[in-house]
Amino acid sequence: MAPEPLIDSHGRRIAYLRLSVTDRCDLRCRYCRPAGDKSYVERADWLSFAEIRRLVGLFAAMGVGRVRLTGGEPLLRAGIVDLVGELANTPGVRDLSLSTNATRLARHASALKAAGLSRVNVSLDSLKRECVSELCGRDSLDATLAGLMAAKAAGLEPIKLNMVALQGVNDGEIESMAAFCFEHGFILRLIEAMPMGEAGRAAAYLPLAGARDRLVRRFGLRPCG
């Protein structure tokens with residue numbers, strides 16, 4: 287007898303699982319993990335690959351067919367390509383994706399595609415080197431761009447580009463980032479940094495309604511659906 291599907295309290299069927307494989311990251315994005323924060327989970331407390339395989343299998347049996355691997359930076363987890371191969375072959379998993387800052391994606395993109403990864407979401411908040419350094423704690427622009435292009439060449443598509451929009455920091459780049467995505471066939475996702483805590487100071491909060499209007503005017507966009 288097949289397991290019952292997962293239903294939330296509003297009667298909606300749950301078909302999507304996000305699974306963090308590590309809390310480690312090679313960047314220090316100020317809206318995520320500010321400099322000086324060392325509140326890492328002990329490696330002994332990480333889910334083992336066997337536990338991850340079992341969890342994904344259980345969820346897939348209940349109709350959760352879309353799985354996304356996240357972090358931290360998931361490409362820092364040793365053996366990640368092998369894990370992708372095992373999860374991609376799990377009965378019931380029909381879409382396996384990965385969220386990454388792409389600094390290590392150039393060296394792994396082809397192997398990840400061959401292992402069964404469907405697509406990637408890539409974090410990139412600016413195309414300006416100095417802004418990337420300010421936001422991420424170091425200049426990672428070249429590595430991220432190389433990772434993006436390697437993912438495109440490997441066929442890890444559609445590629446979604448996540449841009450955290452911050453007032454007075456990178457809000458002037460929204461149109462240029464959209465143009466970059468149009469040029470390369472990426473999907474731009476603008477993300478609000480909530481005005482709370484150290485990372486989301488009210489002064490940097492940018493409501494996205496205004497950004498949407500700017501993009502409509504600049505590119506002549508029309509809502510779909």
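Under the numbering used here, read the sequence shown as residues 287 to 511, first letter to last. C-beta: ideal position from N, C-alpha, C; glycine also.
query, result
"Could you tell me which uninterrupted alpha helix (DSSP H) segments, each at least 4 residues in length, are contained entirely in the stretch 347-400, listed from first to last along the chain?", "366-374"
"Please state the DSSP three-state secondary structure of V502.", "helix"
"Among the residues of its own chain, which have a CB less than 6 Å from the CB of L292, if the five just before and after it don't count?", "I300, M348"
"Using a Cβ-Cβ cut-off of 6 Å (strictly less than) and excluding sequence neighbours within five positions of I473, which residues of its own chain qualify?", "P444, K446"
"Using the beta-carbon count (16 or more within 10 Å), is D428 buried or exposed?", "exposed"
"Which residues in the same chain as C417 place their Cβ atom closer than 8 Å to its Cβ, once the five residues preceding and following it in sequence are excluded?", "D411, V455, N456, E459"
"Can you tell me which of the three DSSP states M449 falls into?", "strand"
"Could you spell out where the alpha helix (DSSP H) holding V418 opens and where it closes?", "415-422"
"Do V353 and H394 have their CB atoms nearer than 8 Å?", "no"
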